[in-house]
Amino acid sequence: MFLLFFSLQTAAESLVNELEEYITESFRESSVTVLEGVDITQTNMSFFRQQLNQIATHILRCTDDTFGPRLLQMCNQALFECLALNLHCLRGDQRALTAVINHRIRRMSSDISPSLVNWMTSMMTMRLQVILENIPVSQEQVQNYIVYTQRDPSSASGTQEAQSATIGDTLSPAAATTAEEAMSGSHETPAASSRETRALPGDLGASGGAAPLGGDVAAAGAEGGSEESWAAAVPPEWVPIIRCDMMTQRKVKAQPPLSDAYLHGMPAKRRKTGQGSGSLLSLSDAVSQAARNAGVRPITSPEQLQSDLETQEVKEAYSEQVKADVKKRVREDPDFNSQQFPNAHRAFSPDS
């Protein structure tokens, strides 16, 4: 067992050491100001080292039915403490913490569409703002993780012991499906008591993921009285845009019938499947439907128009006009391929 835990600590140390370069890069390239005297890289490495050891130890040791809930509780608490720790080291500047996280997201998503990355960072920023305002971790709970640039060696062991003693006593959120649910289910904080009209991140997407706002916003608008709940959860500059989109979606008109010119340019198969009814073989029916679709009325009456179209003279004239048009198309259209339509000349030859 001793060898197992020794190997566990060695593996955890190796993993944390691999993070050092990324941690240093994220804070350096984000151009943020760190609390004076704090070694931000070593502080984060110390935090990750302790958290990883605790979680791995729980995975190896726990054998009862509290394994799952306790593991989720530890992961949620680690997330909250990580945010609280870095927020404290960045002088409480939420924008600086957001910049560091956004920088890491962009570096990890360099091969993804920029528009998708921008959406991810926007959603993360919105959620992070709400979480930080209601985070169930105090500054005192994360003080023991901080590593200073010039540290008294005698205080190192004391800090380590204090941290070990604090872990069991730290107030942790109840087991939950997501970090947001854990935050909302934890003990009441002053920040939480002032958020009566603000929507939780969990309200904006399922399973705590970065879900688009469209469906939930539209649903909120349809309810009438709950419009302010979503408006308080998005950046102020988004509110008029979303409201305009909601109004536009309500005014969407039904698709008008397609024009004859548009249908004429469609491939035959698509035209046949796109039309709800079958082909109109009757000239009078076709002209009557075209008149209705165009919104025009005959100068006499619909009955008189249909009667005129049923006469033999009109039918013959229409047939001759169609043949003449097709002959001209076959003769002059450069895209016509006689090899593809070898029998076209039989029906539409110039002397037919």
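Using the UniProt record's numbering, the first residue of the sequence shown is number 1, and each one after it goes up by one. Yeah, the Cβ is synthetic: ideal placement off N, Cα and C, and Gly gets one too. Remember, predicted model here, so these are calculated numbers, not experimental data.
Neighbour-count burial assignment, Glu-36, 16 or more Cβ in a 10 Å radius: Working through the sequence shown from its first residue, we reach residue 36 at position 36. Per the 10 Å Cβ criterion, exposed.
Beta-carbon proximity of Val-326 to Phe-348, cut-off 7 Å: For the purposes of this step, residue 326 is identified with residue 326 of the sequence shown, where counting begins at 1. For the purposes of this step, residue 348 is identified with residue 348 of the sequence shown, where counting begins at 1. In contact: Val-326 and Phe-348 (Cβ atoms closer than 7 Å).
Beta-carbon proximity check, Val-137 vs Ala-96, cutoff 7 Å: On the sequence shown, position 137 is the one that residue 137 refers to. On the sequence shown, position 96 is the one that residue 96 refers to. Contact: no.
Boundaries (first-last residue) of the alpha helix (DSSP H) holding Cys-75: For the purposes of this step, residue 75 is identified with residue 75 of the sequence shown, where counting begins at 1. Where Cys-75 is concerned, the enclosing alpha helix (DSSP H) starts and stops at 67-89.
Segment limits, alpha helix (DSSP H) that includes Cys-62: Against the sequence shown, residue 62 aligns to sequence position 62. Following the DSSP letters along the chain, one finds Cys-62 in no alpha helix (DSSP H), marked with neither H nor E.
Cross-strand partners of Val-38 (DSSP beta bridge): Taking the first residue of the sequence shown as position 1, residue 38 is located at position 38. DSSP output for Val-38 lists Tyr-148 as bridge partner(s).
Whole-angstrom distance between Arg-331 and Thr-300, CA atom to CA atom: Residue 300 sits at position 300 when you count from the first residue of the sequence shown. Residue 331 sits at position 331 when you count from the first residue of the sequence shown. Approximately 39 Å, taken between the alpha carbons.
8 Å contact criterion, which Thr-121 and Ile-105 should meet: CB distance rounded: Taking the sequence shown and counting its residues from 1, the one referred to as residue 121 is at position 121. Taking the sequence shown and counting its residues from 1, the one referred to as residue 105 is at position 105. Yes, they are in contact, since the Cβ atoms of Thr-121 and Ile-105 sit about 6 Å apart, within 8 Å.
The stretch 38-54 touching the stretch 142-152, judged by at least three CB pairs closer than 8 Å: Short answer: they touch.
Collapsed DSSP secondary structure at Thr-33 in the structure displayed: Walking along the sequence shown from the start, residue 33 turns up at place 33. If DSSP states are grouped into helix, strand and coil, Thr-33 belongs with coil.
Straight-line Cα distance separating His-103 from Arg-292: Numbered from its first residue, the sequence shown carries residue 292 at position 292. Numbered from its first residue, the sequence shown carries residue 103 at position 103. Going from the Cα of Arg-292 to the Cα of His-103 covers about 59 Å.
Cβ shell of Pro-236 (< 6 Å), same chain only, five flanking positions each side left out: Counting from one through the sequence shown, the residue named residue 236 turns up at place 236. Counting only Cβ-Cβ distances below 6 Å, and skipping sequence neighbours, we find nothing.
DSSP three-state assignment for Lys-251, whether helix, strand or coil: On the sequence shown, residue 251 is found 251 positions in, with the first residue counted as 1. For Lys-251, the secondary structure class from DSSP, reduced to helix, strand or coil, is coil.
Span separating the alpha-carbon of Val-130 from that of Val-296: As a first step, residue 130 is located in the sequence shown; it is residue number 130 there, counting from the start. As a first step, residue 296 is located in the sequence shown; it is residue number 296 there, counting from the start. Take the alpha-carbon of Val-130 and the one of Val-296: they are about 58 Å apart.
Residue environment, Pro-173, which counts as buried when at least 16 other CB atoms sit within 10 Å: One-based indexing of the sequence shown puts residue 173 at position 173. The pLDDT assigned to Pro-173 is 44, lower than 50, so where the model puts this residue is not dependable; a value taken from the coordinates is nonetheless given after this. When all chains shown are included, Pro-173 counts as buried.
Same chain, Cβ closer than 6 Å to Leu-309, neighbours up to 5 away in sequence not counted: Residue mapping note: residue 309 aligns to position 309 of the sequence shown, counting from 1. If we look at Leu-309 and ignore the five residues flanking it on each side, its Cβ neighbours are Leu-283, Ser-284 and Val-287.
Buried versus exposed, by CB contacts within 10 Å (16 or more), Ser-113: Start at 1 with the first residue of the sequence shown, and residue 113 comes out as number 113. With fewer than 16 other Cβ atoms within 10 Å, it is exposed.
Beta-carbon separation (whole angstroms), Leu-52 vs Leu-15, contact threshold 8 Å: To locate residue 52, count along the sequence shown from 1; it is residue 52. To locate residue 15, count along the sequence shown from 1; it is residue 15. Separation of the CB atoms of Leu-52 and Leu-15 is rounded to 7 Å, and the pair is thereby assigned contact status at 8 Å.
Spatial distance of Ala-268 from Arg-250 (CA atoms): Here residue 268 corresponds to residue number 268 of the sequence shown, with the count starting at 1. Here residue 250 corresponds to residue number 250 of the sequence shown, with the count starting at 1. So the alpha carbons of these two residues sit roughly 34 Å apart.
For residue 387, the first and last residue of its enclosing alpha helix (DSSP H): Since the first residue of the chain shown is 1 and the last is 352, residue 387 is not available in this structure.
Proximity of Ser-30 and Val-100 at Cβ, strictly below 7 Å: Within the sequence shown, numbered from 1, the residue matching residue 30 stands at position 30. Within the sequence shown, numbered from 1, the residue matching residue 100 stands at position 100. Yes, these two residues count as a Cβ contact at 7 Å.
Alpha carbon of Arg-49 to alpha carbon of Gln-9, nearest angstrom: Here residue 49 is taken as the residue at index 49 of the sequence shown, counted from 1. Here residue 9 is taken as the residue at index 9 of the sequence shown, counted from 1. Approximately 9 Å, taken between the alpha carbons.
Inter-residue spacing [alpha-carbon to alpha-carbon] between Cys-244 and Trp-230: By 1-based counting over the sequence shown, the position of residue 244 is 244. By 1-based counting over the sequence shown, the position of residue 230 is 230. Those two C-alpha atoms are separated by around 14 Å.
CA-to-CA distance, Val-142 to His-88, given in whole angstroms: Counting from one through the sequence shown, the residue named residue 88 turns up at place 88. Counting from one through the sequence shown, the residue named residue 142 turns up at place 142. In a straight line, the C-alpha of His-88 is about 9 Å away from that of Val-142.
Outcome for Glu-81 when other beta-carbon atoms lying within 10 angstroms are tallied against a minimum of 16: For the purposes of this step, residue 81 is identified with residue 81 of the sequence shown, where counting begins at 1. It is buried - the Cβ of Glu-81 has at least 16 other Cβ atoms within 10 Å.
Cα-Cα separation, Ala-206 to Gln-94: Locating residue 206 in the sequence shown gives position 206, counting from the first residue. Locating residue 94 in the sequence shown gives position 94, counting from the first residue. Note on Ala-206: pLDDT 36, under 50, position unreliable in the model; no value is reported.
Alpha-carbon spacing of residue 357 relative to Ser-109, whole angstroms: Residue numbering for the chain in the displayed model covers 1 to 352; residue 357 lies beyond these limits and cannot be assessed.
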